[in-house]
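Student: Position in the sequence shown counted from 1, then plus 98, gives you this note's numbering. We put the beta carbon where it would ideally sit given N, CA and C, even for glycine. Please read all numbers here as calculations on a predicted model, not as lab measurements. If you scroll down you'll find the structure; I have some questions about it.
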Amino acid sequence: HNQQHGGPQNKNNQNFIDDRKDVFFYQSDAGHYIPRALLVDLEPRVVNKLIHQGPYRNLFNEENVFIAQDGGGAGNNWASGFRQGEQHHEKVLDMIDRESDNSDSLEGFVMCHSIAGGTGSGMGSYLLEALNDHFPKKLVQTYSVFPNWSQNQSDVVVQPYNSVLTLKRLTLNADAVVVLDNTALNRIAVDRLKIENPTVDQLNSLVATIMAASTTTLRYPGYMNNDLIGLLASLIPTPRCHFLMTGYTPLTIADYYQNTIPTTSGDGDATPTSQEAAAASASGGRASSNNKNTGRGGHSASVRKTTVLDVMRRLTQPDNIMVSADTRSPTSCYISILNIIQGNDVEPTQIHTALQRMRERQSIRFIPWGPASIQVALARKSPFLASTNKVSGFMLANHTSMAELFDRLLGQYDKIRRRNAFLDNYRREPMFKDNLDEFDSARETVQCLVDEYRACERKDYVDYDYASRSDSGGLE
99 HNQQHGGPQN KNNQNFIDDR KDVFFYQSDA GHYIPRALLV DLEPRVVNKL
149 IHQGPYRNLF NEENVFIAQD GGGAGNNWAS GFRQGEQHHE KVLDMIDRES
199 DNSDSLEGFV MCHSIAGGTG SGMGSYLLEA LNDHFPKKLV QTYSVFPNWS
249 QNQSDVVVQP YNSVLTLKRL TLNADAVVVL DNTALNRIAV DRLKIENPTV
299 DQLNSLVATI MAASTTTLRY PGYMNNDLIG LLASLIPTPR CHFLMTGYTP
349 LTIADYYQNT IPTTSGDGDA TPTSQEAAAA SASGGRASSN NKNTGRGGHS
399 ASVRKTTVLD VMRRLTQPDN IMVSADTRSP TSCYISILNI IQGNDVEPTQ
449 IHTALQRMRE RQSIRFIPWG PASIQVALAR KSPFLASTNK VSGFMLANHT
499 SMAELFDRLL GQYDKIRRRN AFLDNYRREP MFKDNLDEFD SARETVQCLV
549 DEYRACERKD YVDYDYASRS DSGGLE
């Protein structure tokens, strides 16, 4: 909505005063809402375009923007990103300290990054460690973009190295990781939304949908799941298994457009048709464009009748899950599920009926050593978006098939590590100058993660040998 885009408070919006804008924004002296966000990059192109040329140029606080002075980037090298993170850590941590001091009740941090390149993986890894050291009692949640696993579409040739090194930090230094899998996002765009060649902007609109939906109960709070710990506690019963998959339905596009360009008001502030509209484009919200690269998903929007039962049933279907893992394999199972149901006319009795029907069908397989944990949170739809669907649903789930994702990554890692391929640029960095022990340590950490997720599928998991593992991170 417009409060999320730097606009001054609108008197017409006083009916929605229970919208907690202060969770992710602060109000400036001029009355504008400014994101509590840091923009960090080692090369200037993307960030400079965003804050100086783009429609969001008046949105962000430029004191919270860090760009490395040399602007050379990390060259898709995790070690370079990590070294530069250490080199510039004082400046970045000063920004973090300033924002945390301005927070009335700091609960934690949310980091968005990629694990395949150099900056998001390497510098992101360093910042994860730094946040743990400086704020040991605060939660750290990440939205982590996993690379495309296709041989023909792999983003970076050294992405297995960068990904394994980053996964070690995500395992040990993050409390929750929402996995954004490029392979699955491409599949959904092609198969479900009928977009022949999805663009980065179109995939980003899917990511925007996930992020907006996952924070709904924080921004429009109810009786439950209205803080970060409440949101994550039921999903992560065991500390290291904190990698979460997502699902969303209905994904229909009536009028899809390639680039969501927000309009601006006379003073340069973005209006309500901007970032949240990007999420709307993938979730059935109304938008318009003449772009030719549109999907053919509009018909399903016109024939679909959304109900709570239908939405909750579809959320666990593999086609709607945004991770490329087989959730229907004979051995894999859910550890926990949180469904966030949005609809202004949804009644609690509908939720109870839907849960009862799903239990009767026994269509969802859960861990044998714990309860069948399906938590459901009700949330209002944004009053600033006109939706074509009466009910929509978002799922955050902890599932043992995550082991398949990590195992696939280890397979790619082993292929190039066995040949010691592409290691020259890593050896030029101080961390790897004398030896490659950090590679072996990271691989072992990821292998332990795979082993534990698979152990979760067995009844004897409660006797799992914690002593044989490295120090665990995550919720305690």
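According to DSSP, which residues form a beta bridge with Pro-204?
Tutor: What sits at residue 204 in the sequence shown is Leu, not Pro. Bridge partners of Leu-204: none, in fact.
Student: So what does Asn-437 bridge to, in DSSP terms?
Tutor: Looking at the DSSP assignment, Asn-437 forms a beta bridge with Val-474, Met-493.
Student: In chain order, what residues of the same chain have a beta carbon less than 6 Å from the beta carbon of Ala-576, not counting five sequence neighbours either side?
Tutor: Coverage of the chain is limited to positions 99 through 574, which leaves residue 576 absent and any answer about it impossible.
Student: Taking the straight line between their C-alpha atoms, what separation do you get for Met-322 and Ala-475?
Tutor: Approximately 7 Å, taken between the alpha carbons.
Student: What ranges does the alpha helix (DSSP H) occupy inside the segment 129-175, keeping only unbroken runs of at least 4 residues that lie completely in it?
Tutor: Listed in chain order, they are 143-146.
Student: With burial defined as no fewer than 16 other Cβ atoms inside 10 Å of the residue's Cβ, what is the status of Arg-578: buried or exposed?
Tutor: Beyond the ends of the chain as shown, which are 99 and 574, falls residue 578; an answer cannot be given.
Student: Tell me where the beta strand (DSSP E) around Leu-342 begins and ends.
Tutor: From DSSP, the beta strand (DSSP E) with Leu-342 extends over 341-347.
Student: What does DSSP give as the partner residues of Gln-239 in its beta bridges?
Tutor: Bridge partners of Gln-239: Val-208, Ala-274.
Student: Go through the segment 261-338 residue by residue and report every complete run of the alpha helix (DSSP H) that reaches 4 residues or more, in order.
Tutor: The segment 261-338 contains these whole alpha helix (DSSP H) runs: 280-285, 298-312, 314-317, 326-331.
Student: Tell whether a beta-carbon distance below 8 Å holds between Ser-312 and Val-277.
Tutor: No, Cβ-Cβ distance for Ser-312 and Val-277 is not below 8 Å.
Student: Between which two residues does the beta strand (DSSP E) carrying Tyr-124 extend?
Tutor: That run of the beta strand (DSSP E) goes 123-125.
Student: Below 8 Å CB to CB, which residues in the same chain sit around Tyr-124 once its five sequence neighbours on both sides are set aside?
Tutor: Closer than 8 Å at Cβ, skipping near neighbours: Tyr-131, Ile-132, Arg-134, Asn-200.
Student: Kindly confirm or deny that the segment 416-434 and the segment 326-338 touch, where touching means at least three C-beta pairs closer than 8 Å.
Tutor: They touch, by the three-pair rule.
Student: Which partner residues of Phe-88 appear in the DSSP bridge assignment?
Tutor: Nothing can be reported for residue 88: it is not among the residues displayed for the chain, which extend from 99 to 574.
Student: Specify the secondary structure class of Ile-194 as computed by DSSP and reduced to three states.
Tutor: In the structure shown, Ile-194 sits in a helix (DSSP, three-state: H, G or I).
Student: Classify Tyr-460: buried if its beta carbon has 16 or more other beta carbons within 10 angstroms, exposed otherwise.
Tutor: Here the sequence assigns Gln to residue 460, which means Tyr is not the residue at that position. Exposed, by the Cβ-count rule.
Student: Let me confirm a value: Arg-290 is counted as buried when at least 16 other C-beta atoms fall within 10 Å, else exposed. Which label applies?
Tutor: Buried.
Student: Would Asn-487 be called buried (16 or more neighbouring beta carbons within 10 Å of its own) or exposed?
Tutor: When all chains shown are included, Asn-487 counts as buried.
Student: What are the partner residues of Phe-504, as DSSP defines its beta bridges?
Tutor: Beta-bridge pairing links Phe-504 to no other residue.
Student: When you compare the CB positions of Ala-274 and Leu-330, do they come within less than 8 Å of one another, or not?
Tutor: Taking 8 Å as the Cβ cut-off, Ala-274 and Leu-330 qualify as a contacting pair.
Student: Using C-beta distances below 7 Å, list every residue in its chain close to Pro-258, excluding the 5 sequence neighbours before and after it, in chain order.
Tutor: Within the same chain, Pro-258 has close Cβ partners Leu-507, Gln-510, Tyr-511, Ile-514.
Student: Which residue marks the beginning of the alpha helix (DSSP H) containing Thr-549, and which one marks its end?
Tutor: Position check: residue 549 holds Asp in this sequence, whereas Thr was assumed. It spans 535-553 - the alpha helix (DSSP H) in which Asp-549 sits, taken as one unbroken run.
Student: Once the 5 residues before and after Ser-422 are set aside, which same chain residues still bring their CB inside 6 Å of it?
Tutor: So the list reads Asp-279, Thr-281, Ala-282, once near-sequence residues are dropped.
Student: Could you give the DSSP three-state label for Phe-244: helix, strand or coil?
Tutor: Here Phe-244 sits in strand by DSSP.
Student: Under the assumption that Asn-175 contacts Tyr-524 (Cβ atoms under 8 Å), give the Cβ distance between them as a whole number of angstroms.
Tutor: Indeed, because the Cβ distance is near 7 Å, the residues count as touching under 8 Å.
Student: Is the separation between the beta-carbon of Glu-197 and that of Lys-236 shorter than 8 Å?
Tutor: No, the Cβ-Cβ distance between Glu-197 and Lys-236 is not below 8 Å.
Student: Using a 10 Å radius around the Cβ and a threshold of 16 neighbouring Cβ atoms, would you call Asp-117 buried or exposed?
Tutor: So Asp-117 ends up on the buried side.
Student: If distances are taken between C-alpha atoms only, which option among Val-256, Leu-413, Ser-480, Arg-455 comes closest to Arg-517?
Tutor: It is Val-256 whose Cα lies nearest to the Cα of Arg-517.
Student: Thinking just about the alpha-carbon of each residue, which of Leu-263, Phe-482, Met-410 is nearest to the one in Ala-452?
Tutor: Of Leu-263, Phe-482, Met-410, the residue nearest in Cα terms is Met-410.
Student: For Val-238, tell me which candidate among Ser-212, Val-254, Arg-267 has the shortest Cα-Cα distance.
Tutor: Answer by Cα proximity: Arg-267.
Student: Whose C-alpha, out of Phe-520, Glu-555, Val-560, Met-500, is nearest the C-alpha of Leu-265?
Tutor: Checked all of Phe-520, Glu-555, Val-560, Met-500; the closest Cα to Leu-265 is Met-500.
Student: Have a look at Ser-485 and Met-493 and give me their C-alpha separation to the nearest angstrom.
Tutor: For Ser-485 and Met-493, the distance between alpha carbons rounds to 19 Å.
Student: Measure how close the beta-carbons of Thr-425 and Glu-555 come, nearest whole angstrom, since I'm counting them as under 8 Å.
Tutor: That belief does not hold up - the Cβ atoms of Thr-425 and Glu-555 are roughly 12 Å apart, past 8 Å.
Student: Are the CB atoms of Asn-437 and Leu-413 within a distance shorter than 8 Å?
Tutor: Yes, the Cβ-Cβ distance between Leu-413 and Asn-437 is below 8 Å.
Student: DSSP on Ile-419, reduced to helix/strand/coil?
Tutor: In this structure, Ile-419 counts as strand in the three-state DSSP scheme.
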